[in-house]
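Numbering (the UniProt record's numbering), first residue to last: 1 to 594.
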């Protein structure tokens, strides 16, 4: 609590309260700024009872002290109980039921003032506390008017105590009024600014769900307020990639406030996302009546069109809308699904961006989502144009692609910016693409560091999704131990090439022959067919076998499983199984390969 150095003589309670803006607890909230002060003043001035009761107590105590000290208002000298410093400090602490730290040496040095003793200050604090406790009306008004202001103070100054203070205001909200609604809106302002805008969607969700419990119980009839709460919950879930939950809240917000344009835009998107196309069409038509040139609505209309009419419908979109980032982001979200056809759609939507890719030099809150999304597509587009033929144990030539280099810089800036925030957990794909680009463009395996750090904690599906290129890069970087660590976390049946990299890493590390043979045997077992590309691996396995019997058993199993075609491939395997044994040369000749 900061010291107050007001040098004012208190002659009346009303003039004193006017001098401090009527609200003593504002002295403890100066750091919250003008917005809080103005809001709190507005709360208090609408109900002056609190000021009346406080003024009555001050006047009563002043009269008692004047009588005891025989002090007249026209005295040249004045006493401690007439000091504004005393009243401001004491009231600030007593209203919070805290012991006042008043000490004689803290009083400002003023001419004609009779300084107090420690005993006098202790006695003053006790009398003030007793008077305030005895006045039930003051206590009621303090709770009703100031817990609301305290809540706003904590919310707007991001003190992180919203849940605790809301518990005290729950009872007050049972009597809905303009103050209660203003309070909740002020708290929502704070969450939108201090949590959502600051990349803290998890904190925002927690705060918003706490508020929802109070609002739906006591302010459910305030549709505008409840709709705003649901809209912010939808945004918080969107920021965490929880689209289904986000959609449900966006739809609730729209149903409560159907004329609100941002709510309608999100509802139209949500209906398309949830495959409720007639509902999406109805909302779309309403948006177009309100705003015929609405960019998100144009994206929804494009998504509702027939797939074989996509190019025609895209050409019908006005150019200035087609270049709008909100249009492109929503169209990408609704139409691009990671398939080959989705890649074609992305190519069409971003055609002008690809033709002259010029990323923004700086990421701002307004542009960073689109800039990062575009960078992903630029890099993935460049990777699709690379040759698929790569020699395992030869270093690949670094790729020279200016657009990919520029996009890689954007991803670095974006992921570095959000890494310390709560949004970091949903950026795994960005870190993966950053790693791929960093390796093929720069040969820098450290660009995979964040993906490597979080890989063990990823879901099984995510591990499988990112494994191929990640493990291959580790192998080419000669990080063979890392290859073994990562492949141990994978189901290589779905990505058999990674299984062969495990075998190759064991060979590079000169691990025991039996361990390498087991890894290669597992890899071959996981293959459905030993085609021309992998047939030589079966020949390598035969070299690992200790006896003709083991080799023949492997060949027989491969033939029974139809991994090799009958005819020449099967004959080659059989011959290779026999050729190493001098005693089997006659059988090799009988196969017609000797």
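Positions of the beta carbon are idealized from the N, C-alpha and C atoms, including for glycine.
Run of the alpha helix (DSSP H) containing residue i, from where it starts to where it stops
i           : result
residue 479 : Careful: residue 479 lies outside any alpha helix (DSSP H) and carries neither H nor E.
residue 364 : Counting along the chain, residue 364 falls outside any alpha helix (DSSP H), and DSSP gives it neither H nor E.
residue 430 : 428 to 442
residue 216 : 201 to 218
residue 448 : Taken as a continuous stretch (DSSP letters only), residue 448 belongs to no alpha helix (DSSP H), as it is neither H nor E.
residue 224 : 223 to 239
residue 405 : 402 to 418
residue 314 : 310 to 316
residue 296 : 295 to 304
residue 252 : 243 to 256
residue 513 : 513 to 525
residue 282 : 277 to 290
residue 345 : 340 to 349
residue 500 : 496 to 508
residue 394 : Note, residue 394: premise wrong, no alpha helix (DSSP H); not H, not E.
residue 263 : 261 to 273
Residue i classed as buried or exposed, judged by whether at least 16 other C-beta atoms fall within 10 angstroms
i           : result
residue 209 : exposed
residue 218 : buried
residue 250 : buried
residue 247 : buried
residue 112 : exposed
residue 320 : exposed
residue 200 : buried
residue 352 : exposed
residue 259 : exposed
residue 364 : exposed
residue 156 : Confidence in residue 156 is poor, its pLDDT being 41 and thus under 50, which makes the residue's placement unreliable; the coordinate value appears in the next sentence. The residue is buried, with at least 16 neighbouring Cβ atoms inside 10 Å.
residue 500 : buried
residue 373 : buried
residue 558 : buried
Straight-line Cα distance separating residue j from residue i
i           : j           : result
residue 398 : residue 438 : 10 Å
residue 193 : residue 292 : 30 Å
residue 195 : residue 312 : 42 Å
residue 402 : residue 350 : 17 Å
residue 432 : residue 540 : 33 Å
residue 366 : residue 326 : 10 Å
residue 37  : residue 69  : In this predicted model, residue 37 has a pLDDT of only 39, less than 50, meaning its place in the structure is not dependable enough to derive any value.
residue 342 : residue 498 : 27 Å
residue 221 : residue 261 : 21 Å
residue 472 : residue 358 : 31 Å
residue 414 : residue 459 : 23 Å
residue 276 : residue 329 : 20 Å
residue 35  : residue 187 : A caution first: residue 35 carries a pLDDT of 42, below 50, which makes its placement in the model unreliable, though a value can still be read off. Using only the alpha carbons, I get a separation of about 13 Å.
residue 457 : residue 407 : 27 Å
residue 392 : residue 448 : 19 Å
residue 535 : residue 565 : 11 Å
residue 333 : residue 241 : 12 Å
residue 309 : residue 286 : 23 Å
residue 133 : residue 104 : 25 Å
residue 506 : residue 233 : 50 Å
residue 443 : residue 523 : 28 Å
residue 531 : residue 340 : 25 Å
residue 278 : residue 491 : 42 Å
residue 543 : residue 369 : 54 Å
residue 206 : residue 212 : 10 Å
residue 303 : residue 191 : 32 Å
residue 418 : residue 445 : 21 Å
residue 41  : residue 88  : Residue placement at residue 41 is flagged as unreliable, the pLDDT there being 40, under the threshold of 50; a coordinate-derived value is accordingly withheld.
residue 495 : residue 223 : 52 Å
residue 476 : residue 354 : 30 Å
residue 416 : residue 337 : 26 Å
Identified DSSP bridge partners for residue i
i          : result
residue 79 : 114
Whole-angstrom C-beta distance between residue j and residue i, which should lie under 8 Å
i           : j           : result
residue 573 : residue 555 : 5 Å
residue 297 : residue 288 : 6 Å
residue 300 : residue 272 : 6 Å
residue 85  : residue 108 : 6 Å
residue 371 : residue 410 : 6 Å
residue 236 : residue 204 : 4 Å
residue 405 : residue 383 : Actually they are not in contact, since the Cβ atoms of residue 405 and residue 383 sit about 13 Å apart, beyond 8 Å.
residue 428 : residue 453 : That pair is no contact at about 11 Å.
residue 314 : residue 348 : 6 Å
residue 267 : residue 283 : 5 Å
residue 488 : residue 503 : Their Cβ separation, rounded to whole angstroms, is 13 Å, which puts residue 488 and residue 503 out of contact at 8 Å.
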